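Written out below as C-alpha cells is the structure these notes cover.
Residue numbers (the numbering used here): 2 to 334.
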C-alpha cells in the first residue's frame, strides 16, 4: 500500500531507503503526484495515467534536482499531454516487418535465443506476416492462437500470445494502430500436473547435475540447489555482489557448498554464469537432459527451488540462517 503524507523537503530527505526494489509514496497536497525511492537512494517524481488502455507511469523529474512545488505544478500538464490521442501514421507496415523490428529493438536475448524466436515467429505467424499491422483482426489472432496450441502446445501458444501483445502495444505507441486486438483473445488455461519431488529424487538430480559435461550448466544447476534462490536470481548473479570471505551474496548468507562452488568458478565476466556476452537465461533443454538422467522427467528448476526452500527454517539472524542452509543440504545430499 502506498504511504501518503504531505511532501516536504525534510520528510523526503529522510525517507527510509528500501533494501531491495523500490518503495512508493504519495503527496496529500497533490494526490496525483507520487515518488518512488530505489534501493540506490534515487528519488523520482511521477504520475500514473491510463494511456491507450494501459496503466502508465509518467516520469516528471528527479528529486532534489526538481523541487516539490515545481513537481506539483507540472502534474496537470503532464496528465493533459498523456491524454492527447496519438497520431495515426499514414505509412503502412506489414505485421511481419514490424514483428522483426520489435524483436531487434525491444527483446533482449542471447543471439541463439533471438534466432530461435525469429524462426518461431516466421513459422507460427506466417498467415498474417504480409498483412499490414493495422488490418490484423481479432479473428486472425484467434485462428493463429488455436493453431499454435494444437501444433505446439498450450504453454507455447500463451507465450507467443504475450509476445504478440507486446508487438501490438508498441505499434500503438508508434501510431500504427489504435487498439490492441490481443486483449480480446483469452489465454488458454494451463493445467500443470503436480509433481511429487522426494528427497531421493533430489539426490538423483544432484548426482546427475554433477555428471554434466558443460561446466557452465553444471555450476549454474548446482547453485540452484546450493543457493536457496530462484533461477532468475541465480542466473544473473554477478561477482560484485559476492563477498566470499564473508560468505555473503548481496548481504544474504551463502551455504558452505555455495561458497566452495563459487571459489572454483573462474571470474571471466561480470556475471558468474556468463553466456554469449550476457548472463545465462533459461537453459531448458540442458535441464531436461539432466532430468532424464536423474529419472525425474518433467521436474522444473522451480520445483527444485521450492522443494529446497520448504525445508529451510528462516531466521532474521544471517548466521543462524546460514547454519540452517548447511543443515538442509547436509540432510538432503
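All C-beta atoms, glycine included, are put in the ideal place defined by N, C-alpha and C.
Only a predicted model underlies this, so the values are computations on that prediction, with no experimental measurement involved.
Quick check on this structure: which residue in 289, 296, 118, 127 has the alpha carbon closest to the alpha carbon of residue 201?
Cα-wise, what sits closest to residue 201 is 296.
Under 7 Å Cβ to Cβ from residue 172, same chain only, skipping five residues before and after it: list those, please.
99, 134, 178, listed in sequence order.
Does the beta-carbon of residue 265 have 16 or more other beta-carbons within 10 angstroms, so that it is buried, or is it exposed?
exposed
Identify, in the order they occur along the chain, each residue of the same chain with its Cβ nearer than 6 Å to the Cβ of residue 95, setting aside the five sequence neighbours on each side.
131, 133
DSSP three-state label for residue 347, please.
Residue numbering for the chain in the displayed model covers 2 to 334; residue 347 lies beyond these limits and cannot be assessed.
Between 111, 112, 114, 119, which has its C-alpha nearest residue 102's C-alpha?
Minimum Cα distance to residue 102 is reached at 119.
Assuming contact is defined by CB atoms lying nearer than 8 Å, are residue 48 and residue 76 in contact in what I supplied?
It is a contact, given that the beta carbons lie within the stated cut-off.
Along the chain, where does the alpha helix (DSSP H) containing residue 136 start, and where does it finish?
If you look at residue 136, you'll find it isn't in any alpha helix (DSSP H); DSSP assigns it neither H nor E.
Since I believe residue 281 is in contact with residue 217 (beta carbons under 8 Å), could you give me their beta-carbon distance rounded to a whole number of angstroms?
About 7 Å separates the beta carbon of residue 217 from that of residue 281, a gap short enough to meet the 8 Å contact definition.
If you draw a straight line from the C-alpha of residue 150 to the C-alpha of residue 188, how long is it?
10 Å
Go ahead and label residue 197 buried or exposed: buried means 16 or more other beta carbons lie within 10 angstroms of its beta carbon, across all protein chains shown.
exposed
In its own chain, which residues sit with a C-beta less than 8 Å from the C-beta of residue 316, not counting the 5 before and 5 after it?
322, 325
Can the beta-carbon of residue 335 be found less than 8 Å from the beta-carbon of residue 10?
Only positions 2 to 334 of the chain appear in this structure, which leaves residue 335 out of reach.
Can you give me the Cβ contacts of residue 231 inside the same chain, cut-off strictly under 7 Å, excluding the 5 residues immediately before and after it?
Answer for residue 231: 306, listed in chain order.
Near residue 308, what residues of its chain come up, given a Cβ to Cβ distance below 7 Å and the 5 sequence neighbours on each side ignored?
In chain order, 198, 203 place their CB closer than 7 Å to the CB of residue 308, counting only its own chain and leaving out the 5 sequence neighbours on each side.
Going by the CB atoms, is the gap between residue 210 and residue 219 shorter than 8 Å?
yes
Tell me whether residue 126 is buried or exposed, calling it buried when 16 or more other Cβ atoms sit within 10 Å of its Cβ.
buried
Beta strand (DSSP E) containing residue 35: first to last residue?
From DSSP, the beta strand (DSSP E) with residue 35 extends over 35–39.
How would you call residue 45, buried or exposed, if buried means at least 16 neighbouring beta carbons within 10 angstroms?
Result: buried.
Hey, out of 169, 168, 147, whose CA is closest to residue 159's CA?
147
Of all the options 289, 243, 73, 310, which has the alpha carbon lying nearest to the alpha carbon of residue 64?
The shortest CA-to-CA distance from residue 64 to any of 289, 243, 73, 310 is the one to 73.
Among the residues of its own chain, which have a CB less than 8 Å from the CB of residue 14, if the five just before and after it don't count?
65
Near residue 213, what residues of its chain come up, given a Cβ to Cβ distance below 8 Å and the 5 sequence neighbours on each side ignored?
219, 222, 287, 291
Taking Cβ to Cβ, would you say residue 272 is nearer than 8 Å to residue 237?
yes
Evaluate residue 168 with the Cβ neighbour count: other Cβ atoms within 10 Å of its Cβ, from every protein chain shown; 16 or more gives buried, anything less gives exposed.
buried
Bridge partners for residue 11 per DSSP, in chain order?
Bridge partners of residue 11: none, in fact.
For the ligand GTP, I want to know if residue 183 counts as a neighbour, meaning its beta carbon is within less than 7 Å of at least one of the ligand's heavy atoms.
Because no ligand of any kind appears in the structure shown, any question about the ligand GTP cannot be addressed here.
Residue 27: which of 4, 138, 42 sits nearest, CA to CA?
Of the candidates 4, 138, 42, the one whose C-alpha sits nearest the C-alpha of residue 27 is 4.
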